[in-house]
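Accompanying notes for the structure given below.
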Amino acid sequence: MAEKAKLDYKKTILIGFGFMATSIAWAIYDPYVTKILNRLLTDSPLITSWSNALIDRFPDLVRFAEAQGENVQIAGGGFTLVPLFIGIIMTFDNLFGVIFQPTFGKLSDRCHSKLGKRRPFIVSCAPISAVLFFLIPIMSKVSLSATMAVIILFVFSMSLWRAPVVALMPDLTPTELRSEGNAVINLMGGAGSLVGLVAGTLVVAIYGAATGLSGDQIAEEDYFPYVFLIGSIIMLLGMLVLLFFVKEPDSRLSVAAEKNMAADEKARRQAEKAARKAEKEKIKAEKLTKGERVSLIFMLLGLFFLFCGTNAITTFFSLFAAEVLGKTTSEATIMMGVFAVFSAVGAIPAGFFGKKLGRKKTILLGLGLFMAVFVLYLATRSMALIWVALVVGGVANMFITVNTLPLVLEIGGLDKVGTFTGYYYTATFSAQIASPIVYGIVRMFTGTYMSLFAYCPIVFVLAILCILFVRHGEALPDAVIEKAREED
């Protein structure tokens, strides 16, 4: 009996530095850019006049913002919709992801270079992203328009190399080990997010020691650039690790081999005949069967509903904690920190269960755990069960996250990893754009953030129903896969 393949953890950890680089950027971007925008938009006479004009024309916008828990205040003779403008700007990264990531995923599939398929995109775009990232707080001292220009360029540049960096792991990992590999990648991403979350505290402590000022005496605009600098440096370090320590096969080799084979007439004819046959086989192999297409569609729909639920949790939990639990923002942050820690704890077991039980069963198990703790809290409203929900929900989140991407990539096959990575992020980013609006409407009609614990189970049920129709995507032996294709 052949020895079972084992994951190369050292290589996978090195690949994970790319995902760490993107994770630290977004961990810093979300809270700090929100604060920068709040200051710039509040001080902008233009935004104030737009706010007043919008409210004069559409007074329901104020009620909609209030229903979502926004702090709508009087400014300049009228209400300000600064939080609404912040929300719109903060969706740019998801919008750009939906538009550009699938395209650049496909382009990386077709890339032929000495560095391979994916690393050319990472090596060329990551440094640009790092520079633009550092410029965000610098430009915030210049003007709102300069800040917006840098933000737009930054989220655009990030969307160019996100799909290629995620595609590296499945490219270099055997299909049956991808769930384990994805667990390691997510663990590295979690480490990047954790560094991003503590970067501000670290910078304030060092800045305070150097200046003799306490934390509340330090102006945000004074230390923000150093926080962004940490993110930029780690982005560059992650890129350098991928460049020097991750060996991606030279994707030009097949092209060079064909040229060498055509050195004489006989070899050329043989090469042409073989190439035509290979092209026909490739086209045939690349076409998804009817069953695979159905599985892909339902899996992407399942991902959409799944991320509608998880996005609502991460976006509105602090407001729920304030309104329903009576917690301060710092206390709510600690609670979400528990969720993040147990997500990291669940990463490796999620990969193990994905391999032993199967990806689909592990995903459904995670969704079932989410459903159970949410419904239990909704029925009892016990404070103790909130902590249980955060712990169990964190582990369940990884059971789902670790196995969904490998399942989607397995449906597409080895030659289309970049393309199907793009499909995956199109579904998830679409949910992250839609969910704040959909749940905002739910909150508006229910009048309480307690509805979060009803909204999430509903969308999770929809996700489960979709995933039940998925019949492909497991890491099966070649003979079983071929038999399934013949049955389709």
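For the sequence shown, the working numbering assigns the number -11 to the initial residue and increments by one for each residue that follows. All residues carry an ideal CB built from backbone N, CA and C; glycine is no exception.
Looking only at Leu373, Ser423 and Val329, the smallest Cα-Cα distance to Leu313 is reached by Leu373.
Non-local C-beta neighbours of Leu123 in its own chain, meaning closer than 6 angstroms and more than five positions away in sequence, comprise Val138, ordered along the chain. Here Met146 is buried, its C-beta having at least 16 other C-beta atoms within 10 Å.
Contact annotation: Met223 and Ser128 have beta-carbon atoms that are not nearer than 8 angstroms. Setting aside the 5 residues that flank it on each side, Val143 is surrounded in the same chain by Phe80, Asp81 and Phe84, each with a C-beta closer than 7 angstroms to its C-beta; the list follows chain order.
Val383 has its alpha-carbon roughly 12 angstroms from the corresponding atom of Gly356. Per DSSP, Leu276 is not a residue of any alpha helix (DSSP H), being assigned neither H nor E. The region 106 to 164 contains, as complete alpha helix (DSSP H) runs of 4+ residues, the segments 107 to 127 and 132 to 159 (chain order). Membership of Phe358 in the alpha helix (DSSP H) is indicated by the continuous run Arg347 to Thr368. For Leu352, same chain residues with a beta-carbon under 7 angstroms away, outside a window of 5 residues either side, are Ile452 and Ile455 in chain order. DSSP, reduced to helix, strand and coil, places Ile446 within a helical segment of the structure shown.
The beta carbon of Ile173 sits closer than 6 angstroms to the beta carbons of Gly4, Phe7 and Met157 from its chain, once the five residues preceding and following it are set aside; these are given in chain order.
Rounded to the nearest whole angstrom, the C-alpha separation of Val192 and Phe358 is 37 angstroms. Straight through space, the alpha carbons of Pro125 and Thr22 are spaced by roughly 11 angstroms. When secondary structure is reduced to three states using DSSP, Gly334 falls in the coil class, being assigned neither helix nor strand. Under the 10 Å beta carbon count, Lys348 is surrounded by 16 or more other beta carbons and is classified as buried. If you draw a 10 Å sphere on the C-beta of Lys404, you find 16 or more other C-beta atoms in it, and that means buried. Contact check for Val215 and Ala187: beta-carbon distance about 5 angstroms, within the 8 angstroms limit, so the pair qualifies. Rounded to whole angstroms, the separation of the alpha carbons of Ser370 and Val376 is 10 angstroms. In this model, Val183 and Ile446 are separated by some 34 angstroms (Cα to Cα).
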